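Residue numbers (our numbering): 76 to 257.
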């Protein structure tokens, strides 16, 4: 565990303020849910809660199936990280933090269909090289909240990402959102 040198007191209602520097570094926003854990040494551990992260294994299987069917790279994200990736190039995306552009697209509940030459084209992760020719992105909505995204990424410039891929991404996002509601 990393020491920060920051000390906070508990108020009369049992609340502790998480310092702004830590919230910014960990991308914790107002209203974000946190999980609380304790260990045997009496430590309290706060972890950013990812509702779609609970579907991690299921999301991975869904992404794998979609990648096999389409032949494209498929990424499923929460609001912070790629939680599942399948297809050619998945190692470059799995577990990586998402880009600010994708974070904004999720907040705006965007559905994006773009080729690399379009101004709408966004990078998926912070270190995404942008080597892909096209993308279809759809936001996962659960109980009215935008909780992540489904992305189909295509490297082949000859095989354009089109309306079919966009509909597949929307269908996957809708299905995963409904799974979360159950």
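From the three backbone atoms N, C-alpha and C, an ideal C-beta is built for every residue, glycine too. Fair warning: this is a prediction, and the values are worked out from it, not measured in the lab.
The three-state secondary structure of residue 223, taken from DSSP, is strand. Judged by beta-carbon spacing, residue 133 lies beyond the 7 Å limit of residue 150, meaning their Cβ atoms are not closer than that value.
Within its own chain, the residues whose Cβ lies closer than 7 Å to the Cβ of residue 139, once the five positions on either side in sequence are excluded, are 161, listed in chain order.
The DSSP-derived three-state label of residue 130 is helix. In the structure shown, residue 192 adopts coil according to DSSP, grouped into three states. DSSP places residue 148 inside the beta strand (DSSP E), whose first and last residues are 148 to 152. Taking a cut-off of 8 Å for Cβ pairs, the region 209 to 226 and the region 104 to 116 do not touch, as fewer than three such pairs fall below it. About 28 Å separates the beta carbons of residue 172 and residue 144, which is beyond the 8 Å limit, so they are not a contact pair.
Assignment of residue 123 by DSSP, reduced to helix, strand and coil, places it in the strand class. The alpha-carbon of residue 215 is positioned some 36 Å away from that of residue 81. Minimum Cα-Cα distance from residue 155 among the listed residues 221, 242, 186 corresponds to 221. As computed with DSSP, residue 110 is found in a beta bridge with 122. Beta-bridge partners assigned by DSSP to residue 161: 149. Residue 218 and residue 252 have their C-alpha atoms roughly 8 Å apart.
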